Structures are given as C-alpha cells and as structure tokens.
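Here's the structure, in structure tokens; my notes come after.
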Amino acid sequence: MPMEKTFDAAAAESRLYDAWEKAGCFTAGANASRAETFCVMIPPPNVTGSLHMGHAFNNTLQDILVRWHRMRGFDTLWQPGTDHAGIATQMVTERDMAAHQEPDRRTMGREKFVERVWQQKIKSRGTIIGQLKRLGASCDWSREAFTMSGAPGAPEGEEGNFHDAVIKVFVELYDKGLIYRGKRLVNWDPHFETAISDLEVENVEVDGHMWHFKYPLAGGETYEYVETDEDGNETLRETRDYISIATTRPETMLGDGAVAVHPSDARYAPIVGKLCEIPVGPKEHRRLIPIITDEYPDPKFGSGAVKITGAHDFNDYAVAQRNNIPLYALLDTKGQMRSDGLSYEESAIRAGEYARAWAEMHRATEGRFQSPTEQPVPDVSELNLVPEAYRGLDRFEARKRIVADITAEGLAVMVKNPDPEPEDEAERAGFQPTIPLVEAKKIMQPFGDRSKVVIEPMLTDQWFVDTAKIVQPAIDAVRSGEVTILPEQDRKVYFNWLENIEPWCISRQLWWGHQIPVWYGARYEDHLRDGKVVGKRFVYDDQKTFCAPDFAQAKKLAEDYYAESGVSIRVAGEAADAIEAWRLSSEGVGEGEGKNAYYLWRDPDVLDTWFSSGLWPIGTLGWPEETEELKKYFPTSVLITGFDIIFFWVARMMMMQYAVVGQRPFDTVYVHALVRDEKGKKMSKSLGNVLDPLDLIDEFGADAVRFTLTSMAAMGRDLKLSTQRIAGYRNFGTKLWNAFRFAEMNEVPFGTQGTPPAPERTVNRWILGETAKVRAEVDAALEGYRFNDAASALYGFVWGKVCDWYLEFSKPLLMDGTDAEKAETRATLAWVLDQCLILLHPIMPFVTEELWGQVERPKMLVHADWPTYGEDLVDPAADAEINWVIALIEGIRSVRGEMNVPAALKVDLLQLDLDEAGRTAWANNAPLIERLARVESLSEAPEAPKGSATIAVKGGTFALPLAGIIDAAAERARLDKALQKVAKELGGLNGRLKNPKFRENADAQVIEETEAQAALKAEEQARLETALARVKELG
RNA sequence: GGGUGAUUAGCUCAGUGGUAGAGCGCUUCGUUCACAUCGAAGAUGUCAGCGGUUCAAAUCCGUUAUCACCCA
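In terms of my numbering, the first sequence is residues 232 to 1266.
Now the structure itself:
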C-alpha cells in the first residue's frame, strides 16, 4: 500500500505510544546492553496540575537524554511521579467541594477531608500523566511515585513508603538538633491561613500611599527642630511638640513599640529616649512609646523617623530584637484585626508600663541599655492593642478608618491644597485650604504565589530546618565539581542563595500533607508559690515535645520523661489538642482504673511539600529500604529542571540528600530557561497569552512541538515561542516523511542493511561521510547538553544534505544507472535514511518510529542500536568532488536565475578551461549535473562567445551561451558584483598575510589556511576579471 | 539598593579570538513522476555606543545607554 502524502500525527501518536508501553520499552533497564546506568528523576509535577509549556520543554529535554542513552545500551531509568502539592491540592479540592455543594472542610473534619483530598488526587493524577504521555515521555510508569504514598489514610493503590521516608528524615533531623520549633516572624497567607516560605512569596510593585502623621511628645514637651542643607546652613527651625512619621501601613500603628531614628540624626537628638504618643485609639488610653536609635532608619528618607512594629514587619522585627521592644500582634489568622486577648484598656496600660520601664532603663544606663539578655522582652501575646472599635475589621478597612480618625483629630501632617480656591462664595465654604499629606508611592507588596492575597508577616510558632547547619556539603559539592551545575551562571545563583541561607520554615497550617510527627505533653515540674516549692504540677502552656515516627514510640518517650520527672503515669491516648488533653487527663488522674491516665496531643501542622520533594531521589528508589534500584541508580545521573526551582528544589535536594544519606543526589544539574510567548512575555493566565502544549500537539503533532523546543534550547536563554516556528518543524517532519515515500517508490530495501554499505560511486561515498559527520556532531552536542546544536545539525543534514542533494543525485542513478549502480544506490539510500530515523528518534520519536515500522524489523526504533561509526566513513576525495559538483550546479543555477533563463529551457554549457580534477569530477557526475542544472550538453570552447555568461569554479571556467536571452549590461553588472565581493575578501586575506606580525604570531595552521584561501580567491578573481574583460570587449 | 544576564538580518535566535549564520518573513521564477507542509534564485548587517588588550575582537577587558530577570 503506497504511503500517504503526510504523516498523520493525531492518528499515529497514541497507537505508537501504546505499542511502546505494551512492549515494556520504557521499563528500567529495557534494552540495556552494558553495565553503565543512566537515571533521571522527573521533577514531580503537582498532582492536580496540567501540562504547561515549561513542563513540555523540561520533559522533552529529559526524554531526549533518556531515549538517547537507552538506544546506546545504558541501563536506563526515567523515574516518574507527582507531588502532593499541599496548598494547591487543598485549594483545588475545596473549590471542587464548593462547586458540588459539599460541606466545607471544617464541617467535614480533618480525617474525612483528607479522605476527600485523596479522592481528588486519584481523579486528578491521570491528567498530567496522560499529557506527559502525549508528549512522548518515555518514563517507566510502572514505578510511578507520589510524595505522599503510604501516608496514614492513603486508600488502596496508594501504598508505598514515601511517607515513611519523610517521617524518618524528620525524626532523624530533629534528634540531631537540625529541626527546631520557635516563635518567629513568618510569611502568613491570610487566605489559606498558613505560614508559607519566603520563596512562595511574590513581591510585586503596586501603587501605594505614604501617609504622614504626628506622634505628639509625651506631656506636651517641645524641642527645637532644625534642618540644615548639605553645607550645614540652617534651612528650617521651628519648635515642635511632635515627631513626624511616614507609613504605608497606618493600621499597624496600633502595634508600634517604638519610634526609631538614626543615631547620627541631629534633628532628633534632643528627644531620643523620651516617650511619644501613638495618635490613634481612645483618647483616655493613648499609648506612649519610646524614641530609640538604630542603624536601620535612613535619615534622608521621609522624616528620618520610623515607627517600629516588630510583630508585623521583617525590618522592624530586627530593630525590635536589637532594642528590647515588645512585639505586639494585631492580626488574626484571617488578616482581621484581633478580637481575642485582653481588653484594649488593660492592654494599653500594660504596654504603657513596658514603655515607661524602657525609658527609665534608658535613662538609668545613659542610653547604653541595649542587650536583650539584660532585660528580656516581655511576652505580650495576650495583649490586644486593637481598640474595641476596630476589632474584627478587615486589615484594609481598619486602615481607612484609622486614617480618617487621625485626620479628623488634626494629627495628620497637612499641606496646602493644590487646587485653586473657588471664586464662588458657596463653593468656598466647603473648600479645604490644607489637606493631609498623602504621597502616591510605588511600594513592593508581598503576595502569596497561590492565593494572590497580600501576605502578612506574622508572629507564630513554626517548625524550622536549621539550614545553616546542613548547607555546607551542598556548597562544597558544587565547588569541588562533585556536582556540576549547567549553565555556569546558575551556579552563581545557587551559591549566592546558599551562602546567605535563611532558616527554612517547614510547618504549614494545612490538613493535606505529612503531619508533623511530634506529640506534646504537659511539662511536669515544681509548683512554686511565693517562691517556694509547694509540690509538682502539670504545665500545659509550656509543653514538652516528643518527636517519634508514630504514637506508640512518642508514648514511650513521654512515659520515660514522666518517669524521670518523678511521676508514675500511663499515657492513655491522643487528644485533639492541648485543651482536650488537659480535660481528659484531669478526668483520668486519681480515679480508679484511669488513675494517672494521661493524654498527649499531636502537632496539627503538616510539612512543607518541598520537604518531601527534597527526598525525591532517594524516596522514589525505595529508601529507607536498601532496594536494588537504590543501589543501582543512586546517585542519579542528571537532573533537568527550570531555573525557577533552583532554590525550592535543587538546593534542598542537595542539602537533604547529603544530610540524610551523605551522598550527592545527582552528578549534573541542567538548568533550563523559561518558555515565553512570542513577544517575550511570561506566559500567564491573567495575561491570556498562554500557549497550551496540548493544543499545539493537536495542531502540529508532538514531534513538531518537541523539535521546536529542542532547537530553541540554547543554554541560559529564554525561549520565545511562536506557532510559526512550530509549523516550520512540522514541515520538517513532512519532508522526512516524503523522503521515505520517494525511497519506497524506488524499491529501496529497508531493514536489510545493519552495517554501512561500501559503495563505489562518489555520491554514495560522499553521503556516507556526511552521515558519519552528523552522527559525531549530534553525539558531541548531546554530550554537552547543547540540545539546539543537535537539532540544527540534524535539520541541516536531513533537509539540506539528504533531501536537497543526495536524493536528487540518486535519481539519475536509480532511473538510468547500471544494475550495479542501482543496487548500491538503493542500499546506500536505505542505510542513510535509517540513520536519519535513528539519529532523529530522541527528538522526534513518533514520526521516526512510524517510518521505521513501514517494514518488518527485529526491534522497534525505540530500542534500535545507536551508531558509533566515525571518520573512517569520510572519503575526502568524494567530499571534494561532490562539493565541486554542488558549486558548479549552484553557479549555473545562479546565472540562470539572475539572467531570467526560463526554468524549462535546457541550456548548452561551454567548458573554457578546466583542470584535471575538474575533468574527472565532470566525467564521474555528468548526468547529475546535467539533470540538476538543466544542461543539455557540454562542449569545449577556446573562449566564450558574445552574449554568454561566465561561471568560475575551482580549477576552471564555464560559460553559458545565452545570446538573445541576456544582455551584456546585466552580465557586466553581475560579474562586477561578484568581483567586488571577491576583491573585498581577498583584500582582507592579503592584508593579514602581508602583516609581518600576523606571520610571527598566528598559528601555523591559521597561516596555511589563510594562504590557501587567498590563492583560491585570487584564482577566482582572475577568472572573473578575464570574463569581465571579454564582456566589455564584446559587449 | 544588591545580583545576574541580554543588546547580531524585518522578526525569533545560533555563533568561547581567524573577518557573520539559521529558521521564519520578504521579492522573482517554477504543474520536471518524494514533498506546494515543496523547489530554484535573490535582497537585507557600523554584530547597541565609546575606549582598551591583541597580528587579528560579534567574541576578551573597561565604560555608557537601554531592556529583562532574580533578591532585598
């Protein structure tokens, strides 16, 4: 059955993929013929995600390397799987629940909800896996992993031990003191009501405002406020009873603990150490705060004075820590003004006492009082400094109200109204001659990368990895070259981040994830009354921590602890939280059977998803069990990933693998860039410029999409993707397809020739050499992760060499050649086209496999042997001869084209002079030249007749007698132009050769090449000059 | 503010010291039996500017400008 004119990608792709999978072509070790292993870990996509351009790019590159190694006989494993993606998955599930009118998660309860998320996971999983398959990804799906496999509550089919690995690592790191819990300022997402890591925060510049307020000095004190210019001349002097503060977040004023100025700022020197009043809140309980000095305020910015809200700003937090300023929390987990804790009145009084104590200490120590160890910062968590009027308000609503209230009281800094005063009497009544100073200002605002709401710095108890203690091996490994990061520039990014690493907050206030394996119990300690021990008691608010893989082991730790503390206790069970534990325990203590029964409660938080994906390399291979796969494939070979997760993932995998198993996770990290739209914009749903890889695969076929991405994969550069480009590579597939159609029509015997044939004809010998060259080029390119070089080498070879020239050359031989010529040409064609399929297969797996399968073969192409032939196939004589033939054909075509010789017209060619090599080349290839240049005949002539065009080639001159078709002027212009070009080139070459310093300094080889070039150009120049002279003479 | 990178044909981009390339687009021509998703021919560049190193610079160094990204 004759082949179709084009490859039907849509019909063939799924059929081919199924065939590969069914035959087990992708399973670990398939087609292995040597001992070396090659293992790639897929960057696990979110289980609820769908394939975007970045995935398509990332997985295409992985697939190329994997297929290439598999064909080369490596024991290959491409380990697939998905990531449980804590926040994202919980979000998707809750959205789905809302859409189906299911009860919300709080109503449902944690256990039921987690069950529900598992259902969502199972439902979603197939989406992205199916999409990866459509792309052609040759992963070993029988090993598909999941970062939460085997977790408690995992349904049937979700077994596995990833959860065990994660928990084991947590406990080990905890026991080594590398994980700790602490109250810290963290990034809080008020939408999801969880902490997130600083990497999950996007800082976006938005339009904001800067308000200016007066903080009156306590007791109506005044001071001389003096401003000077650069030369020290006084520019302003006035008596003030306030200090001016600028802020972009007025609602946080309620939680101010101090006002800070720079120690060198002379303007405020008179009032340092004094107290000032926060200009908001009920008048009778206005809060006083001290004026302190710190290096943080910039005297040149704003008024030079900064309000310090330690519980709601990272910079302020540091200032507060340095200066013993309490951290007053104002917001609840939803980002609303707190309504819990003490009344405003009581809180304000207590806070006022701290401020006075601070000022007193400052005075007593003459300003030296700094160190927190001298005077611990008081715990102020139960103080709620939100006045009752603002309690429960949303943070942005509170801001509006506070600004209005301060302005109404006349404590906003005022400026002259820029609007002209109205003429009209009536209108003038409502006119404000001065208005509050509010500057429009671009401010960087943090947003949650998932929730898109404004992130709040929030003071909460969280778990942290003490990254500073485990970072060093990850740095050393890359420095020493044990692990290679490509391209070079990303190594710098990696170092820069690791060398300035912050503690990693790993707890999340979610339900979906690995619940932290920590149980708490009340401390059992001395009960003091009036400084005297009056007995022992349980303390619930400063609990004891028991970290263990499961409750049974935590229980044992607890019982050991209580035994040591001197109380005989039986841990009876788990309570939901501290309060329930207290209730159950107190019910139990002292009562018969339940005497001394005691309850622990588990930390409700789950681990950051990246904590588990940090263990991906060992976890997917079965660790902590000593599996065969772990022994064989770990450390893995290459990690291919986008630059956007170097910090999230790569750095953490490095740290964790070294910390846990003391080995590198992979030899090489290849970091690729971002896929952008054709204008260079980042693809984003809100911009609507997203190209869906699935749509593109539908339209152009997976091969075209893959080839496009590969050809644009130059290291370190972003990809700007346009559909036009993809169409171009779809055409390339069609070109390849039609080359096979041609071969089929000419009865080319595919599948019989494993080793290269040994033909006699120069064209055949030439294409063998070209094939060997491109094979070497492709291997070298892939070896160096220069994917684009591999793609362009193959594109140029298949289209530019095989299709444009070799196929055309083969036609006269196949049609009019001798039997021997026909046979050897068919054999060569069969071999060369097979090589095209093999070499292209890693990039374009589908169309190549389809073509390969046109005839019966022992193995599918996916398992074909990758060739190793080399230089021995290159015949320099054939090379020179065919290049001469091509140059002559191009010369003739060029003249024909420029002289507008009708395409159909066959012309006579005159040979004016020709050297021996040229004569041989002509004799060997006359039919080819005649056919491709549409030459009727060749005859020798002493000189070109009038009205002919001249063609100069290496070693000879030809002429096309075109009297009546061309005019002399056109020919002169053509020759002039050619001559000019040659003259320019020759000038450059000779300039160099004449320079004695060039001869002294340049490499001998360079000099030789330059001389050869110059000789060639000189010869060409001479031929052209002769021709031009003749035209002038005759014309 | 700190860091990283980019600037090459109309567009998108390759090009690690030897005198600039590809694809697309454009112009002209073409129903020759693989392919019009094609073929043939053609035009188009102060390699961002300035300075330096070198026999030789798109390439190395310095600097300016513009743009992009990352981190504060």
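For each residue, glycine too, the CB sits at the ideal point set by N, CA and C. Since the model is a prediction, treat every value here as computed from it, not as a measurement.
By the three-class DSSP mapping on this structure, what secondary structure does Q1142 have? strand
On the DSSP bridge assignment, give the partners of V271 in chain order. DSSP lists W309 and V869 as partners of V271.
Can you tell me whether V348 is helix, strand or coil according to DSSP? helix
Which term fits A595, buried or exposed, when burial requires 16 or more other beta carbons within 10 angstroms of its beta carbon? exposed
Where N392 sits in the DSSP three-state scheme: coil
I need the straight-line Cα distance from S602 to H543, nearest angstrom please. Bear in mind that the predicted position of S602 carries a pLDDT of just 46, short of 50, making it unreliable; the figure below should be weighed with that in mind. Looking at the two C-alpha atoms, the distance is approximately 22 Å.
Which whole-angstrom value is the C-beta distance of L448 and E458, which I expect to be below 8 Å? With a Cβ gap of about 18 Å, L448 and E458 do not count as contacting.
For E824, is the classification buried or exposed, using 16 other Cβ atoms within 10 angstroms of its Cβ as the cut-off for buried? Since pLDDT at E824 reaches only 46, below the 50 mark, its modelled position is unreliable, and no value is offered.
Can you find the residues in the same chain that come closer than 6 Å, C-beta to C-beta, to F401, ignoring five residues on each side of it along the sequence? Only P748 meet the Cβ criterion.
Let me know if D335 comes out buried or exposed under the rule of 16 or more other beta-carbons within 10 Å of its beta-carbon. exposed
For R1205 and V1063, I'd like the C-alpha separation in whole angstroms. 38 Å
Look at A491 and Y527 and say whether their C-beta atoms are less than 8 Å apart. yes
According to DSSP, is V503 part of a helix, a strand, or is it coil? V503 falls in the coil class under three-state DSSP.
Our contact map puts M1091 next to C256 with C-beta atoms below 8 Å; I'd like the distance itself, whole angstroms only. 7 Å
Decide yes or no for the touch test of the segment 314–323 against the segment 269–287: beta carbon pairs closer than 8 Å, at least 3 of them. yes
Could you tell me which whole alpha helix (DSSP H) segments of length 4 or greater appear in the segment 473–558? 545–554
Assuming H903 and A944 make a contact with CB atoms under 8 Å, what is their CB distance in whole Å? 7 Å
With burial defined as no fewer than 16 other Cβ atoms inside 10 Å of the residue's Cβ, what is the status of M675: buried or exposed? Burial call: exposed.
So, under 8 Å CB-CB, Y793 and Y751 are touching, yes? Tell me the CB distance rounded to an integer number of Å. The pair is not a contact, with the Cβ atoms about 13 Å apart (cut-off 8 Å).
Member of D655, K647, R996 and H745 whose CA lies at the smallest distance from the CA of L1104: R996
Considering just the uninterrupted stretch of the alpha helix (DSSP H) at S1179, what are its terminal residues? Here S1179 belongs to no alpha helix (DSSP H); instead the beta strand (DSSP E) covers S1179 to V1184.
When you compare each of A368, D680 and K407 to F1077 by their alpha carbons, which one comes out closest? A368
Per-residue DSSP class, three states only, for S602: Low local confidence applies: a pLDDT of 46 at S602 is under 50, so the model's placement there is unreliable, with the coordinate-based value given in what follows. It is coil, neither helix nor strand.
Helix, strand or coil for M568? Go by DSSP, reduced to three states. If DSSP states are grouped into helix, strand and coil, M568 belongs with the strands.
Please go through the same chain and pick out, in chain order, the residues whose beta-carbon is closer than 8 Å to the beta-carbon of T604, but skip the five residues on each side of it. At T604, the pLDDT of 44 sits below 50, so the modelled position is not reliable; the number obtained from the coordinates is stated separately. So no residue of the chain qualifies.
Give me the Cβ distance between A1172 and L1143, rounded to the nearest whole Å; I'm assuming they're in contact under 8 Å. The Cβ separation is near 6 Å, so the contact holds.
Burial state of S799 (16 or more Cβ within 10 Å): exposed
Taking the continuous alpha helix (DSSP H) assigned at N1232, which residues delimit it? P1227 to N1232
Less than 8 Å between the beta carbons of H394 and G381, yes or no? Cβ distance < 8 Å, so H394 and G381 count as in contact.
Residues near C1067 by beta carbon distance below 6 Å, same chain, minus five either side: V1029
With a threshold of 7 Å on Cβ separation, who are the neighbours of H219 within its own chain once the five nearest residues in sequence on each side are excluded? What is shown of the chain runs 232 to 1266, which leaves residue 219 out entirely.
What did DSSP end up calling K407 once you bin it into helix, strand or coil? Of the three classes helix, strand and coil, the one that applies to K407 here is coil, per DSSP.
Compute the Euclidean distance between the alpha carbons of E930 and V1093, then round it to the nearest angstrom. 24 Å
Does T1059 pass the burial test, meaning 16 or more other C-beta atoms within 10 Å, or should it be called exposed? Classification for T1059: buried.
Decide if L308 is buried, meaning its Cβ has at least 16 other Cβ atoms within 10 Å, or exposed. buried
Do the CB positions of A1021 and V1009 come within less than 8 Å of each other? yes
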